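Sequential numbering from 796 applies to the sequence shown in the numbering used here. The C-beta atom is built at its ideal place from N, Cα and C for all residues, glycine as well. This one's a predicted model, so the numbers in the text were calculated from it and none came from an experiment. What follows is a single structure, written as structure tokens, with notes after it.
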Amino acid sequence: MDFEAFFTVHCNLPREGPGSDEATREALRRLPPLPRSPRVLDLGCGPGRQSLVLAQELGSVIAVDFHEPFLRQLEVSAKQAGLGDRITIRQGDMGALEDPPGSFDLIWSEGAIYLLGFANGLRLWRPLLRDGGLLGVSECTWIQDNPPREVREFWQAEYPEMMTIEDNLKTATDAGYEVWDTFILPRSAWWDEYLTPVSDRVQQLRASGNLTPGLSQVLAETEREIDICDRYGEFFGYVFYLMKK
796 MDFEAFFTVH CNLPREGPGS DEATREALRR LPPLPRSPRV LDLGCGPGRQ SLVLAQELGS
856 VIAVDFHEPF LRQLEVSAKQ AGLGDRITIR QGDMGALEDP PGSFDLIWSE GAIYLLGFAN
916 GLRLWRPLLR DGGLLGVSEC TWIQDNPPRE VREFWQAEYP EMMTIEDNLK TATDAGYEVW
976 DTFILPRSAW WDEYLTPVSD RVQQLRASGN LTPGLSQVLA ETEREIDICD RYGEFFGYVF
1036 YLMKK
């Protein structure tokens, strides 16, 4: 992938994947009680919309992402929201964290664990949780059986490890978690702050002309994703998995 072209499409967007402030709050409401002033780690935070909610609801959060411009975007957003003192940004690899075992009461990751693979991410992050610590992740998941060939082939190319809810529940149990709750994000969580802004950006870039081959390819791939989500969205979705170590 041409990463420069990818980030040209994705820079300064509200989100880097499906989600909403209300979905984040709903997930937090479904968790068992946390300690007062919990230590919270948000992994693959992107521009950090969920980091702001975590800071508002829980007090403070460490937000980690590999892409430095996303962290700068979050830094600005946090200051504008009056949360600059509650969010600590950290540039790093969420698959190679050096925090001591048992460092966190809650690990959060919206739409990012797929970069490591669901099973691998659960395995890597579990030691960082205290005993009884909590993990909340959202993950793209098959939600209907026997999807049409076109959508299955699309996701086989984009995310071949994508599983059903049942398979992910078993994976979490095998990795040493008790699954506390799950829920499917509504379709609005795809369109309002993710696919619609991305679609607008694609149209702006196409209208500007002077497209490099790499950017043209990324635009075509993005349009394909939007089309698949529009026509086949009932067959897959983002699911929140709320777990306890």
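* To do: Entirely within the region 902–942 and at least 3 residues each: give me those beta strand (DSSP E) ranges in chain order.
  => 924–937
* Which residue from Gln875, Leu923, Ser933 puts its Cα closest to that of leucine 847? -> Gln875
* Using the Cα positions of phenylalanine 949 and phenylalanine 978, report the straight-line distance between them to the nearest angstrom. => 24 Å
* To do: Could you check what DSSP says for glycine 1032 in three-state terms: helix, strand or coil?
  => strand
* **Residues that arginine 885 bridges to, as DSSP identifies them** => Val859
* Through-space distance from glycine 879 to phenylalanine 798, alpha-carbon basis -> 29 Å
* Give the C-beta separation of tyrosine 1033 and valine 974 to the nearest angstrom, bearing in mind that I take them to be a contact with Cβ-Cβ under 8 Å. => Going by Cβ atoms, the distance from tyrosine 1033 to valine 974 rounds to 16 Å, so no, they are not a contact pair.
* Asked: Leaving out five residues before and five after threonine 803 in sequence, what residues of the same chain have Cβ atoms less than 8 Å from its Cβ?
  -> Leu1000, Leu1010, Val1013
* **C-alpha gap between isoleucine 908 and asparagine 915, whole angstroms** => 9 Å
* Any idea what DSSP makes of aspartate 969, helix, strand or coil? -> helix
* Distance, proline 1008 Cα to alanine 984 Cα -> 31 Å
* Same chain only: Cβ atoms within 6 Å of tryptophan 920, ignoring 5 sequence neighbours per side -> Ile902
* Burial state of serine 806, where buried means 16 or more other Cβ atoms lie within 10 Å -> With the sequence shown as reference, residue 806 is identified as cysteine, and serine is not the correct amino acid for it. Exposed.
* Asked: Between which two residues does the beta strand (DSSP E) containing leucine 980 stretch?
  -> Unbroken run through leucine 980: none, as it is neither H nor E.
* Beta-carbon proximity check, proline 842 vs proline 809, cutoff 9 Å -> yes
* To do: Pick out whichever of Ile1023, Pro827, Ile882 has its Cα sitting closest to the Cα of arginine 736.
  => Nothing about residue 736 can be reported from this structure: the residues present for the chain run from 796 to 1040 only.
* **Classification of alanine 858 by the beta-carbon crowding that lies within 10 angstroms, buried from 16 upward** => buried
* Taking the alpha-carbon positions, what's the serine 855 to valine 835 distance? -> 7 Å
* To do: Enumerate in chain order the residues of its own chain whose CB-to-CB distance from proline 864 is below 8 Å, with the five nearest sequence positions on each side excluded.
  => Phe802, Cys806
* Asked: Which first and last residues belong to the alpha helix (DSSP H) in which aspartate 837 is found?
  -> Unbroken run through aspartate 837 is the beta strand (DSSP E), 835–838; no alpha helix (DSSP H).
* To do: Would you check if there are 3 or more beta carbon pairs closer than 8 Å linking the region 923–939 to the region 950–963?
  => yes
* **N-terminal and C-terminal residue of the alpha helix (DSSP H) that glutamate 799 is part of** => 798–805
* Is the beta carbon of alanine 850 sitting closer than 9 Å to the one on glycine 931? -> no
* Asked: Can you tell which of Gln998, Phe913, Pro955 has the C-alpha that lies nearest to the C-alpha of aspartate 969?
  -> Phe913
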